[in-house]
Amino acid sequence: MKSYNIALMGGDGTGPEVLREGVKVLDAAASKHGLKLNYTDYDFGGERYMRTGETLSQSNIDELAKQDAIFLGAIGHPDVKPGILEVGILLKLRFALDQYINLRPVKLYPNVETPLKDKGPEHIDFVVIRENSGGIYTGMGGAMMVGTQNEIATQVMCYSRPVVERCIRYAYDLTRKRNRKKTLTLVHKCNVLTHAGDLWVRTHKEVGDADYKDIKQDYNHVDACTMWMVKSPEFYDVIVTENLFGDIITDLGAMIQGGMGIAAGGNINPNGVSMFEPIGGSAPKYTGKNVINPMAAICAVAMMLDTLGEDKAAASIDKAVYDALASGKIKSMSAGKMGMGTKEVGDLVASLV
Ligand code: IPM
Ligand code: MN
3 MKSYNIALMG
13 GDGTGPEVLR
23 EGVKVLDAAA
33 SKHGLKLNYT
43 DYDFGGERYM
53 RTGETLSQSN
63 IDELAKQDAI
73 FLGAIGHPDV
83 KPGILEVGIL
93 LKLRFALDQY
103 INLRPVKLYP
113 NVETPLKDKG
123 PEHIDFVVIR
133 ENSGGIYTGM
143 GGAMMVGTQN
153 EIATQVMCYS
163 RPVVERCIRY
173 AYDLTRKRNR
183 KKTLTLVHKC
193 NVLTHAGDLW
203 VRTHKEVGDA
213 DYKDIKQDYN
223 HVDACTMWMV
233 KSPEFYDVIV
243 TENLFGDIIT
253 DLGAMIQGGM
263 GIAAGGNINP
273 NGVSMFEPIG
283 GSAPKYTGKN
293 VINPMAAICA
303 VAMMLDTLGE
313 DKAAASIDKA
323 VYDALASGKI
333 KSMSAGKMGM
343 GTKEVGDLVA
353 SLV
């Protein structure tokens, strides 16, 4: 029997609640497909930080690095200054484990409401690959004369050819594997970012011309991309983009697929330990009320299984999510409006795996 070690990091707010439902569905898929999953719980997050002053130590990272995958609920606590937990836990893990791909599918399921008029599941089904290890997120830059009238601050969009190329190659491979429109759209702002943008544009073209002649190359400026995502999302198959642009457009992506309740993300190191999360945040006001939507967490575990190479188990969760939503029993993707509780949504999907 194949066995995997999974780190569970419930985190803050509603994180542990949605994580529990994700685990429920994961267990259902594991028992159906003959997988053994060994879980280890970790309590990283706001409560622990307030108790101990610790976010994530090197020895914590070393331990997590021995797992096969990490499942994260949410990070973010109303009593902790913004930035401490995000940088100290989430970004730290992404960097330390070199999870250089942030995979964010944008898929509208049946019966899920989108704010886009006249668009349905046949129009909204693409994937955003957000580069997850470079750019402005590296923190390069500095400040001087802070607090004076002449304060100066820089934050550098830093990319090397290897970091761009490994991301672009992953994106081409995924476009080929999806086998849909076979189109990889690079999103950047090369008309203004003439250095950083040009590196991405040339890498996209050179790698595509050399090794992916079967894949069509496309390019959008990021501002135009936000327009097309709303006007004609059906244009897209796979989008690849740098870190900050990817952060921004995937929130837009989450909205057009029905909201944060159903948006999942994978922080992937294709040769290492990856981490999967619902991207919606900790939603503290809903904590403990059994009203938060666990669908995003459930979609995240499907991505986890897929990344571990368990495509059949992943597909059975995808299908269960599809069937649960197609049944019409879940009334809305919004917290408190689902017509059933967090646990009941988990039960429903688990029963359909
Ligand atoms: C995300 C989040 C994070 C990011 C924050 C919380 C650091 O917005 O995962 O998209 O900017 O990457
Ligand atoms: Mn974000």
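Using the working numbering, the letters of the sequence shown correspond one by one to residues 3 to 355.
All residues carry an ideal CB built from backbone N, CA and C; glycine is no exception.
Enumerate, from N- to C-terminal direction, the unbroken alpha helix (DSSP H) stretches of 4 or more residues contained entirely within the segment 226 to 281.
Counting whole runs of 4 or more residues, the segment 226 to 281 contains the alpha helix (DSSP H) stretches 245 to 258.
When you compare each of E65, K339 and N295 to V351 by their alpha carbons, which one comes out closest?
Taking only the C-alpha atoms, the option nearest V351 is N295.
Which residues in the same chain have their Cβ closer than 8 Å to the Cβ of V1, if we skip the five residues on either side of it in sequence?
Residue coverage of the chain in this structure runs from 3 to 355, which leaves residue 1 outside it and unanswerable.
Please list the terminal residues of the continuous alpha helix (DSSP H) segment that includes L307.
L307 -> alpha helix (DSSP H) spans M297 to T309.
Enumerate, from N- to C-terminal direction, the unbroken alpha helix (DSSP H) stretches of 4 or more residues contained entirely within the segment 90 to 171.
Complete alpha helix (DSSP H) runs here, min 4: 94 to 98.
Is the CB-CB distance between G78 and G15 below 8 Å?
Yes; because the gap between Cβ atoms is below 8 Å, this pair is in contact.
Within the present structure, is the beta-carbon of E88 separated from the nearest heavy atom of ligand 1 by less than 7 Å?
For ligand 1, at least one heavy atom lies less than 7 Å from the Cβ of E88.
Answer yes or no: the CB of I281 versus the heavy atoms of ligand 1, is any distance below 7 Å?
True, at least one ligand heavy atom lies under 7 Å from that Cβ.
Assign T156 to one of two classes, buried (16 or more other C-beta atoms within 10 Å of its C-beta) or exposed (fewer than that).
Exposed: under 16 other Cβ atoms inside 10 Å.
Does ligand 1 have a heavy atom nearer than 7 Å to the CB of L2?
Outside the shown range of the chain, which is 3 to 355, sits residue 2, and nothing can be said about it.
With a 10 Å radius around its C-beta and 16 neighbouring C-beta atoms as the bar for buried, classify Q151 as buried or exposed.
Q151 comes out exposed.
In the DSSP assignment, find the beta strand (DSSP E) that holds V293 and state where it starts and stops.
That residue, V293, is in no beta strand (DSSP E); it is neither H nor E in DSSP.
Quick check on S33: buried or exposed, where buried means 16 or more other Cβ atoms within 10 Å of its Cβ?
Flag for S33 reads exposed.
Considering only heavy atoms of ligand 2, does any lie closer than 7 Å to the CB of D14?
Not under cutoff, so the answer is no.
In the DSSP assignment, what residue or residues form a beta bridge with S5?
Paired residues: K38.
I'd like to check one pair, L66 with G267: are the Cβ atoms closer than 8 Å?
Contact: no.
Using the beta-carbon count (16 or more within 10 Å), is N181 buried or exposed?
Exposed, by the Cβ-count rule.
Thinking C-beta only, is N134 closer than 8 Å to Y102?
Cβ distance < 8 Å, so Y102 and N134 count as in contact.
What's the gap between the Cα of D216 and the Cα of I319?
The alpha-carbon atoms of D216 and I319 are separated by roughly 30 Å.
Count the other C-beta atoms from every protein chain shown that fall within 10 angstroms of the C-beta of K68, then say buried if there are 16 or more, exposed otherwise.
Per the 10 Å Cβ criterion, exposed.
G311 to A30, Cα distance in whole Å?
Straight-line Cα distance between these residues: approximately 17 Å.
Compute the Euclidean distance between the alpha carbons of A302 and A212, then round it to the nearest angstrom.
One C-alpha to the other measures close to 33 Å.
Taking only heavy atoms of ligand 2 into account, decide whether any of them is closer than 7 Å to the Cβ of D253.
Yes; taking the cut-off as 7 Å, the Cβ of D253 has a heavy atom of ligand 2 nearer than that.
Alpha carbon to alpha carbon, how far is K38 from D313?
In a straight line, the C-alpha of K38 is about 15 Å away from that of D313.
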